[in-house]
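J.:
There are 2 protein chains.
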Amino acid sequence: MAPTRAEQRAATRRALLDEARRRFAADGYHDVVFAEVAHAVRVTKGAAYHHFASKTGLFRAVVAEVQAELGERVAAAAQRHDDPWEQLRAGCRAFLSAAADPTVRRIVLLDAPTVLGWHEWRAMDEAASARHLAEALETLMAAGTIPDQPVAPLTRLLSGAMNEAALWLAQSTDPQALAQTERALDHLLTGLRARPAEELIAPREW
Amino acid sequence: MAPTRAEQRAATRRALLDEARRRFAADGYHDVVFAEVAHAVRVTKGAAYHHFASKTGLFRAVVAEVQAELGERVAAAAQRHDDPWEQLRAGCRAFLSAAADPTVRRIVLLDAPTVLGWHEWRAMDEAASARHLAEALETLMAAGTIPDQPVAPLTRLLSGAMNEAALWLAQSTDPQALAQTERALDHLLTGLRARPAEELIAPREW
DNA sequence: AACTTTCACATACCTCGGGTATGTGAGTAC
DNA sequence: GTACTCACATACCCGAGGTATGTGAAAGTT
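Order-wise, the sequence lines are chains C and Y. Quick note on the UniProt record's numbering: the first sequence kicks off at 1 and runs consecutively. Quick note on the UniProt record's numbering: the second sequence kicks off at 1 and runs consecutively.
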């Protein structure tokens, strides 16, 4: 039986997305040529343009998918714990290991901000994974585990820290790098925890 | 008097760098057309290629200059203090305000990693500003202000945190955003400080 | 001082890749 | 069964990075 038109369309779109994802991850946005993605899927350039308005549009769709998967991985890792603090730690660690995948690194962390613009990238990041981080921090503040403060700046700082760390880990040859980074991150997070003695150490003349 | 050939060459090169810097900062690497940079300086494309091997080469030269200036600003701000801890804080704050300049943001933080590749970008960042951060952290560790640990991962985490925060600040409409971010950063840094009670709060099962 | 060489530019051209305008033939709807 | 839709193919445009080659004036050489 011949496939229905909607099926055919969906199949082609899926094939384009998969092929594009592979290539974007391997070669980076700039070095991927749109027509080659199409041909690798046995379709002409014109046909591909029937599915995506532009090369950037194709890239955007890929980024969205990768982001979504990443967000799910982080959320899943967090939900394996009950304690909010452990949820935060688990989420952070899950992010670091997920970013070991070149797909995440090259596409989401490296190319997406420039290709889509930082603004759009950030919106997607927010929707997918940074949101989890912000929620975790809010929960911990509500519980008094970490001091009350605006969430947005802290979320950005931590999110940026992990993004950069992930890129650094990717090219590090030191086998201990991941463990060291996780320790350093734990260090940073633990430092955030509210403690009565804090005022004595760092009076808030900030 | 006619300018000597070396003078002429230097003048043209300088003009190209200045013009390119303006345009890269305003429009981003991709939207800048090489020939237009040349013509704005009253020189043809071929002439510009006599000075820079490629558009990427021109960009690389611009990035190097901006990075160098940034590094100097950070170092200068730090050296206005004597206490190593205050040097670290001042350096971090100087970085955040320096990154308010679109030149730094767009060129160094946004485009450079993709255009030059993360590896090269990181080497330049290291040479210019991240080095100062690493040295500050090492000094504080040697003094026992913060616990001994590998410097590299912590440097990357903090550097990434500030890069991302700078980008976030750039598009934030909240007038308090900078102050809040500085506070959050202070929070993170203060959390790093060694304290006797630490073992009680976070036993190192890491 | 004439002669040669160098080199900072200009001119002209090539190529590749993103994007578009326009078919076409097999499903789909009435 | 006829008209329409739409998932594709074909053919073309053009902008931009890069290159090959020319040229004239400054800078060495004798």
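Idealized CB from N, CA, C, for every residue including glycine.
#1: Count the other CB atoms, across all protein chains shown, that sit within 10 Å of the CB of Pro175 of chain C; report buried if there are 16 or more and exposed otherwise.
#2: For His132 of chain Y, tell me which candidate among Y:Ala112, Y:Asp101, Y:Leu116 and Y:Pro84 has the shortest Cα-Cα distance.
#3: Using three-state DSSP, classify Tyr49 of chain Y as helix, strand or coil.
#4: Measure the alpha-carbon distance for Gln87 of chain Y versus Arg22 of chain C and round it to whole angstroms.
#5: Below 8 angstroms on C-beta distance, what does Glu164 of chain Y contact in chain C?
#6: Would Gln8 of chain C be called buried (16 or more neighbouring beta carbons within 10 Å of its own) or exposed?
#7: Do the CB positions of Val32 of chain Y and Met124 of chain Y come within less than 9 angstroms of each other?
#8: Under the rule that 16 or more other beta-carbon atoms within 10 Å means buried, what is His187 of chain C, buried or exposed?
#9: Taking the alpha carbon of Arg156 of chain Y as the point to measure from, which residue in Y:Leu167, Y:Ala177, Y:Thr181 and Y:Ser129 has its own alpha carbon closest?
#10: To the nearest whole angstrom, what separates the beta carbons of Ala98 of chain C and Gly160 of chain Y, a pair I think is in contact under 8 angstroms?
#11: 9 angstroms is my cut-off, CB to CB: does Asp111 of chain Y come that close to chain C?
#12: What's the C-alpha gap between Asp101 of chain C and Ile107 of chain C?
#13: In three-state terms, what does DSSP make of Thr190 of chain Y?
#14: Just verifying my parser: in three-state terms, what is the DSSP assignment at Glu7 of chain Y?
#15: Answer yes or no: does any C-beta atom of chain Y fall closer than 9 angstroms to that of Ala6 of chain C?
#16: Please report the straight-line C-alpha distance between Lys45 of chain Y and Val37 of chain Y, rounded to a whole angstrom.
#17: Starting from residue 210 of chain Y, find everything on chain C with Cβ-Cβ shorter than 9 angstroms and list it in chain order.
#18: If I measure Cβ to Cβ from Ala90 of chain C and keep anything under 6 angstroms in the same chain, skipping five residues before and after, which residues do I get?
#19: Taking the alpha helix (DSSP H) that Ala130 of chain Y belongs to, which residues open and close that run?
#20: What's the C-alpha gap between Pro153 of chain C and Phe95 of chain Y?
#21: So His39 of chain Y is in the alpha helix (DSSP H); what residue range does that whole segment cover?
#22: State buried or exposed for Arg122 of chain Y, treating a residue as buried only when at least 16 other CB atoms are found within 10 Å of its CB.
#23: Given a limit of 8 angstroms on CB to CB distance, which residues of the region 129-158 of chain Y reach chain C?
#24: How about Gln149 of chain Y and Ala177 of chain C: are their beta carbons less than 9 angstroms apart?
#25: Hey, is Arg193 of chain Y's beta-carbon within less than 9 angstroms of any beta-carbon in chain C?
#26: When the cut-off is 9 angstroms and only beta carbons count, does Gly71 of chain Y lie next to chain C?
#27: Using a Cβ-Cβ distance under 9 angstroms, would His81 of chain Y count as near chain C?
#28: Compare the C-alpha of Gly28 of chain Y against each of Y:Glu120, Y:Ala142 and Y:Phe59 and name the closest.
#29: Considering Cα atoms alone, identify which of Y:Gly144, Y:Leu140, Y:Leu137 and Y:Gln171 is closest to Arg105 of chain Y.
#30: Using CA atoms only, rank isn't needed, just tell me which of Y:Ala134, Y:Glu72 and Y:His30 is closest to Thr112 of chain Y.
#31: Once DSSP output is grouped into helix, strand and coil, what is the label at Thr155 of chain Y?
#32: Classify Ala47 of chain C as buried or exposed, calling it buried when 16 or more other Cβ atoms lie within 10 Å of its own Cβ.
#33: Is the CB of Asp18 of chain C under 9 angstroms away from at least one CB in chain Y?
T.: Working from what's here:
#1: exposed
#2: Y:Pro84
#3: helix
#4: 45 angstroms
#5: Arg156, Leu157, Ser159, Gly160, Ala161, Asn163 and Glu164
#6: exposed
#7: no
#8: buried
#9: Y:Ser129
#10: Going by Cβ atoms, the distance from Ala98 of chain C to Gly160 of chain Y rounds to 16 angstroms, so no, they are not a contact pair.
#11: yes
#12: 10 angstroms
#13: helix
#14: helix
#15: no
#16: 8 angstroms
#17: Beyond the ends of chain Y as shown, which are 1 and 206, falls residue 210 of chain Y; an answer cannot be given.
#18: Ala77, Ala78 and His81
#19: Run containing Ala130 of chain Y: none; DSSP gives neither H nor E here.
#20: 16 angstroms
#21: Phe34 to Ala40
#22: buried
#23: Pro147, Gln149, Pro150, Ala152, Pro153, Leu154, Arg156, Leu157 and Leu158
#24: no
#25: yes
#26: no
#27: no
#28: Y:Phe59
#29: Y:Gln171
#30: Here residue 112 of chain Y turns out to be Ala, not Thr, going by the sequence shown. Nearest C-alpha to Ala112 of chain Y: Y:His30.
#31: helix
#32: exposed
#33: no
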